[in-house]
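A short worksheet on the structure shown next.
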Amino acid sequence: MFVARSIAADHKDLIHDVSYDFHGRRMATCSSDQSVKVWDKSEAGEWNCTASWKTHSGSVWRVTWAHPEFGQVLASCSFDRTAAVWEEIVGESNDKQRGQSHWIKRTTLVDSRTSVTDVKFAPKHMGLMLTTCSADGVVRIYEAPDVMNLSQWSLQHEISCKLSCSCISWNPSSSRAHPPMIAVGSDDSSVTYAGKVQIYEYNENTRKYAKVETLMTVTDPVHDIAFAPNLGRSFHVLAIATKDVRIFKLIPLRAETASLASPTRLEVQIVAQFDNHNSQVWRVSWNITSTLLASSGDDGCVRLWKANYMGNWKCTGILKGDGSPVNGSAGQSGALTAGGGTGALANQGSLNGTSAGRKAAQLVPGVM
Amino acid sequence: MEEVDVEPTTTPIPGIDFTQKHLGFVWGPGDILVYETKYGATGAASVDQGCPFVHVVRKDEDIYSPILRKLFNESHHIFVGLQKIKEDVPSKNKKSQFVSISKNYRSVIRACMEELQQVAVSTRDATLATQYGNQVSILLAVELIWNLCEVLFIEAAPAGALQLHLLDWVRLHKADVDEKAREVLQSESPAEHPAYWDVAISYVLQGRTDEARQVLVKQASLQPAARLMFKLLDSLLMKMPVYNPGGNQTLTEFDVKWRHWREECDRCLQDNSFASNRHLEAICKILVGDEDTLLEYKELLGTWYHFLVTRLLYSHPTVKPTELHYYAQSSMDMFLETRSGPEPLDSILLAAFEFDIHQVIKDCSIALNNWWFVAHLTDLLDHCKLLQSHNLHFGSNLREFLLLEYGAGLFTHHSLWQLAVGYFDHCPEFGRVYLELQIERVPLDSERKALKVLRICEERQMAEQVRSICKIMAKRALRNDRLGSALSWSIRAKDAAFATLISERFLQDYCTPAPSYREFHKLYGDKRFVEAATLLLSLMTAKIAPQSFWMTLLTDALPLLEQKQVIFSADQTYELMHCLEELTAGKTIPNTDHPMQDEDVEVTKVELLRLALARNLAQAIVKEGTVDG
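Here the protein sequences come in this chain order: A and B. Counted the way full-length UniProt numbering counts, the first sequence spans residues 1 to 368. Counted the way full-length UniProt numbering counts, the second sequence spans residues 1 to 629.
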């Protein structure tokens, strides 16, 4: 792998989150400078900032895109105790010429009394739903009943988790066999014995979310959580960022007297556990087909994990800051492309027995 | 199975301080974005700028090389053809099919290699030339491995024929002999050319006795004194028995013949027939398979596997497949100096000689940067039923695993993604899900591209993806105020609610009445009131006009209701009343884009309509009663 491009993000403070849209042609960045920026990728692969605006009155923790079926919609959450929904509107023609677009605030969700730590849209088959979690331990699920009118959001569910919440993840499965399911992670360090990951499931009869499982083995603060794409399997895979990286398998057990009223029971199996980050792990995320998991930790590295066809997990790549200054101020440094690419190919040459060490040739294939 | 321990590669990210900060990331299609951040921040503004860059990190993929793109395209055709070979064809006939498919794959590699070689020579950019050169050497290695796998696994030649195939393999990959031979033979005095003996001996090392004899003749004519000696060697070379698998000679008969010939060569050495010419003596020693002599020609052999094949040719021409691994290992040990261990290529070839298919595939996966080779080779071997017979209980999974990896890689490319569809189609376990996940992420840059993606989904009955793509396109068209396109996309998405919404926008925004509405006005203008009334009513009752348009239609009905003669029948009047009630009762349809301008005007209008309808109903009942009675 190599750095193909560097984009001058131009935020005036720390970047907290970067989010790709569904098709990977746009991205959004958010920062402690209280702004969100939207970037569009040109035909040539260059990223241009097409909008930048102040979104909150505190650090913006997370920014996320709605599915394009709902239009060009972003949600952000902040230390200022709110979450907000933004929609891009087609601007006047001179804006278009300048390559700028307009984002307007459709709603501010003000129910939380503390910092809103995560914001996620629900899977699209559930409609346009937005979920937030906050330091006061409440997960809130909002719905826009009319997708043409994003200024109306109704608070559908409030789940009290009893622990300060840091992260949420929706189970992406659209199978009818799987009722809507959400996992909540907590970084509450005041309670040391409690399980820090809770799984909630929607019950058709009560029309409420009920807790179906607490991962009792995860007692250290949890910073991030991510369900893997389901791939049509009967079980679910959940990655957790805590003092290490953990991958769990959640297998729904259908009771023999299965009625819709009774919640699904889950059998929880640990699939993998990696402590290579040495200390806290802060982010975990799956690629599209869930063949790769990436994690970021206190060692300042992003590590990539991959399972082979035998189901064994291994670290297959590391991205690590080198502390050196970025050369070139223009940002989109094309020279890096050629350098990195050639180096990698030179390594490959040793397969032919022409160049030196074996180690050099042991490139890890298929990282992406 | 023992796992090779591979250290993960570390990619440095410039400008990011890993000791104080964290590395944030996000997955993209085919890349990963990273940026400096600090997790666990409290929320207080830090005014800590740090590294202001977001870096795009990509895997070094050769799918971006336009020449290799041909390799991907053409091998895709071969792959699809292979999948069509019927299960019920007798396995004997299949074998020749598999061999020819294997050869097709190899000829695609060769064509690609030649093209790369040409551009490598013609380019003026030194970096680019090196890059092409490296790609050529990778393809060379890939073709070498593939060819050996073809001989050993697919052709699966028995003793006798095996040796012939191995000779062909070595000859094909050590073709520089011919070039050198041309140079020597075209020179003014070939026999005095410094490379003369190299050429002669190289031919012998490759078992090309006829060509060796032709070269040796040049020298013989120069040394009349040594004429007899040359003649003796020439006859030995000529008499060398060659096994003919298609002939009627049995392997045992060949073996007896070969042993006689070798004894004859041996006798010549014993009575020092060639003692006066070290070159001729060396050739004769090669003919009896003298290992020390062979090793003296390391330079000409070049590789341990050439040494192996020459050694087999002159010592064990009837080698059995099961004995190969022993000779391969010992040849490698003898040939390679102890200080330098085997390179990845050596290990891969050795694993092939050991018939350890799994090890070959695994080592190739590790050594190569692209899944192209392992995916296609494994698929072919799987079709040959070789993965099962080697007791790899996960045989088909390995095939699918590699094909999915290869396909997923193709999907990140802006045009090669279409090839990936063909690979996913032939992965029974996860192919469909992979395709579903990947195809909905293909950027819908244009209507044309959207239609292309849509066709692929429709052909595979991927209803949800079809709906989603149409919905996205409809939404996008609506945003850009292309209502016609929005309407047709939403109809295709079978999204009735959205289609209705768009048609309402159509009528409101453009005020272009639908054709039948225009027709109504025409009839009204022509004073054909009864027909006009019937049409107006049908616009509502048949739901041709959207509900938001009904008020306009009902208002249009007013002058008809006010006519002196009764135009709307009693039944029709009832229906009109029903429409009015439906419209005013629920207000079910969201009407955000067209807010009520003025509540009072609206109420008055409804009151007026109700009055007119009631009066008309009364008149109609009276009239109908009178006529019928």
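The beta carbon of each residue, even a glycine, is placed where N, CA and C say it ideally should be.
Exercise. What does Ala28/A pair with, by DSSP beta-bridge criteria?
Worked result: Translated into the one-based positions of the first sequence, residue 28/A becomes position 28. Per DSSP, Ser19/A, Val38/A.
Exercise. Does the beta-carbon of Gln222/B have 16 or more other beta-carbons within 10 angstroms, so that it is buried, or is it exposed?
Worked result: To locate residue 222/B, count along the second sequence from 1; it is residue 222. The sequence given here has Leu at residue 222/B, not Gln. In the assembly as shown, Leu222/B is an exposed residue. Its beta-carbon has fewer than 16 other beta-carbons within 10 Å.
For this session: Please check if any C-beta of chain A sits within less than 8 Å of the C-beta of Pro90/B.
Result: Residue 90/B sits at position 90 when you count from the first residue of the second sequence. Not an interface residue.
Exercise. For the beta strand (DSSP E) that His22/B lies in, which residues bound it at each end?
Worked result: Position 22 of the second sequence, counting from 1, holds the residue named residue 22/B. Here the beta strand (DSSP E) through His22/B covers 22-27.
Exercise. Tyr423/B: buried (16+ other C-beta within 10 angstroms of its C-beta) or exposed?
Worked result: What you label residue 423/B is simply residue 423 of the second sequence in a count that begins at 1. Buried, by the Cβ-count rule.
Problem set entry | 7 Å CB neighbourhood of Ile286/B in its chain, flanking five on each side removed | On the second sequence, position 286 is the one that residue 286/B refers to. Correct list, in chain order: Val204, Leu205, Thr293, Leu294, Tyr314.
Exercise. Taking only runs of the beta strand (DSSP E) that begin and end inside the region 116-170 of chain A, which ones reach a length of at least 3 residues, in chain order?
Worked result: 116-121, 129-134, 138-143, 154-160, 165-170
For this session: Go ahead and label Lys196/A buried or exposed: buried means 16 or more other beta carbons lie within 10 angstroms of its beta carbon, across all protein chains shown.
Result: For this step, residue 196/A is matched to residue 196 along the first sequence. Lys196/A comes out buried.
For this session: With a 10 Å radius around its C-beta and 16 neighbouring C-beta atoms as the bar for buried, classify Leu583/B as buried or exposed.
Result: The residue you call residue 583/B lines up with position 583 of the second sequence. Counting Cβ neighbours within 10 Å, Leu583/B comes out buried, since at least 16 surround it.
Problem set entry | Interface residues of the region 28-39 of chain B facing chain A [CB-CB below 9 Å] | Gly28, Pro29, Gly30, Asp31, Ile32, Leu33, Val34, Tyr35, Glu36, Thr37, Lys38, Tyr39
Exercise. With distances taken between CB atoms, is the gap from Phe121/A to Thr64/A smaller than 8 Å?
Worked result: As a working mapping, residue 121/A is identified with position 121 in the first sequence. As a working mapping, residue 64/A is identified with position 64 in the first sequence. In contact: Phe121/A and Thr64/A (Cβ atoms closer than 8 Å).
Problem set entry | Run of the alpha helix (DSSP H) containing Ile366/B, from where it starts to where it stops | Residue mapping note: residue 366/B aligns to position 366 of the second sequence, counting from 1. Counting along the chain, the alpha helix (DSSP H) containing Ile366/B begins and ends at 357-367.
For this session: Below 9 Å between beta carbons is the criterion; list the residues of the region 275-291 of chain A that meet it against any residue of chain B, in chain order.
Result: Gln280, Trp282, Arg283, Ser285, Trp286, Asn287, Ile288, Thr289, Ser290, Thr291
Exercise. Alpha carbon to alpha carbon, how far is Ile182/A from Val222/A?
Worked result: Within the first sequence, the letter at position 182 stands for residue 182/A. Within the first sequence, the letter at position 222 stands for residue 222/A. So the two alpha carbons sit approximately 15 Å from each other.
Problem set entry | For Trp169/B, three-class secondary structure by DSSP | As a first step, residue 169/B must be located in the second sequence, where it is residue number 169. It is helical.
Exercise. Using a Cβ cut-off of 8 Å, which residues of the region 115-129 of chain B contact any Cβ in chain A, in chain order?
Worked result: Thr127
For this session: Enumerate in chain order the residues of its own chain whose CB-to-CB distance from Ser333/A is below 6 Å, with the five nearest sequence positions on each side excluded.
Result: Within the first sequence, residue 333/A is the residue found at index 333, counting from 1. Model confidence at Ser333/A stands at a pLDDT of 36, short of 50, so the residue's coordinates are unreliable; what they give is reported in the following sentence. Closer than 6 Å at the Cβ level, and outside the excluded window around Ser333/A, lie Ser6.
For this session: Tell me, please, whether the CB atom of Pro590/B is closer than 8 Å to any CB atom in chain A?
Result: If you number the second sequence from 1, residue 590/B lands on position 590. Residue confidence is low: Pro590/B scores 43 on pLDDT, short of 50, so the model does not pin down where it sits. No coordinate-derived value is stated.
For this session: Measure the C-alpha to C-alpha separation of Gly24/B and Asp118/A and round it to an integer number of angstroms.
Result: Residue mapping note: residue 24/B aligns to position 24 of the second sequence, counting from 1. Residue mapping note: residue 118/A aligns to position 118 of the first sequence, counting from 1. Roughly 15 Å separates the two Cα atoms.
Problem set entry | Minimum length 3: unbroken beta strand (DSSP E) runs contained in the region 230-314 of chain A | Listed in chain order, the complete beta strand (DSSP E) runs (minimum 3 residues) inside the region 230-314 of chain A are 236-241, 245-253, 265-274, 281-286, 292-297, 301-307.
Exercise. Secondary structure at Cys284/B, three-state DSSP: helix, strand or coil?
Worked result: On the second sequence, position 284 is the one that residue 284/B refers to. Of the three classes helix, strand and coil, the one that applies to Cys284/B here is helix, per DSSP.
Exercise. So the beta strand (DSSP E) Phe53/B belongs to, where does it begin and stop?
Worked result: In the second sequence, counting from the first residue as 1, residue 53/B sits at position 53. Annotation: the continuous beta strand (DSSP E) that includes Phe53/B extends over 53-58.
For this session: Less than 8 Å between the CB atoms is what I'm expecting for Val309/B and Leu167/B, so what's the real figure, rounded?
Result: Residue mapping note: residue 309/B aligns to position 309 of the second sequence, counting from 1. Residue mapping note: residue 167/B aligns to position 167 of the second sequence, counting from 1. That belief holds up - the Cβ atoms of Val309/B and Leu167/B are roughly 6 Å apart, short of 8 Å.
For this session: Report the neighbours of Asp10/A on chain B: residues whose CB is nearer than 7 Å to its CB, in chain order.
Result: As a first step, residue 10/A must be located in the first sequence, where it is residue number 10. The answer, in chain order, is Pro52.
Exercise. Can you tell me where the alpha helix (DSSP H) with Met181/A in it begins and where it stops?
Worked result: Position 181 of the first sequence holds residue 181/A. No alpha helix (DSSP H) contains Met181/A, which is instead part of the beta strand (DSSP E) from 181-186.
Exercise. Looking at the unbroken alpha helix (DSSP H) that takes in Asn134/B, where does it start and where does it end?
Worked result: By 1-based counting over the second sequence, the position of residue 134/B is 134. Asn134/B -> alpha helix (DSSP H) spans 126-149.
For this session: Check distances from the C-beta atoms of the region 14-32 of chain A to those of chain B and list, in chain order, the residues that come in under 8 Å.
Result: Leu14, Ile15, His16, Asp17, Val18, Ser19, Tyr20, Phe22, His23, Gly24, Arg25, Met27, Thr29, Ser32
Exercise. In this structure, what does DSSP give as the bridge partners for Gln198/A?
Worked result: To locate residue 198/A, count along the first sequence from 1; it is residue 198. DSSP, once it has assigned bridges, lists Val184/A, Thr214/A as partnering Gln198/A.
Problem set entry | Separation of His11/A from Ser35/A, as counted between CA atoms | Locating residue 35/A in the first sequence gives position 35, counting from the first residue. Locating residue 11/A in the first sequence gives position 11, counting from the first residue. Their backbone Cα atoms lie some 8 Å apart in a straight line.
For this session: Can you give me the start and stop residues for the beta strand (DSSP E) that Pro443/B sits inside?
Result: Locating residue 443/B in the second sequence gives position 443, counting from the first residue. Pro443/B -> no beta strand (DSSP E), and no H or E assigned at all.
Exercise. Which term fits Ala497/B, buried or exposed, when burial requires 16 or more other beta carbons within 10 angstroms of its beta carbon?
Worked result: Taking the second sequence and counting its residues from 1, the one referred to as residue 497/B is at position 497. Exposed, since its Cβ has fewer than 16 Cβ neighbours within 10 Å.
Problem set entry | Pair within 8 Å by beta-carbon distance, Lys320/A and Cys301/A | Mapped onto the first sequence, residue 320/A falls at position 320. Mapped onto the first sequence, residue 301/A falls at position 301. Closer than 8 Å, so yes.
Exercise. In terms of alpha-carbon separation, which member of Leu292/A, Asp299/A, Asp298/A lies closest to Asn308/A?
Worked result: Translated into the one-based positions of the first sequence, residue 308/A becomes position 308. Closest by C-alpha distance to Asn308/A, out of Leu292/A, Asp299/A, Asp298/A, is Leu292/A.
For this session: Measure from the C-beta of Val215/B to each C-beta in chain A and report whether the shortest distance is under 8 Å.
Result: Translated into the one-based positions of the second sequence, residue 215/B becomes position 215. With 8 Å as the cut-off, Val215/B does not count as an interface residue toward chain A.
Exercise. Does the region 340-350 of chain B come close enough to the region 67-76 of chain B that 3 or more CB-CB pairs lie under 8 Å?
Worked result: no
Exercise. Is DSSP giving Asp111/A helix, strand or coil here?
Worked result: Position 111 of the first sequence holds residue 111/A. Coil, per DSSP.
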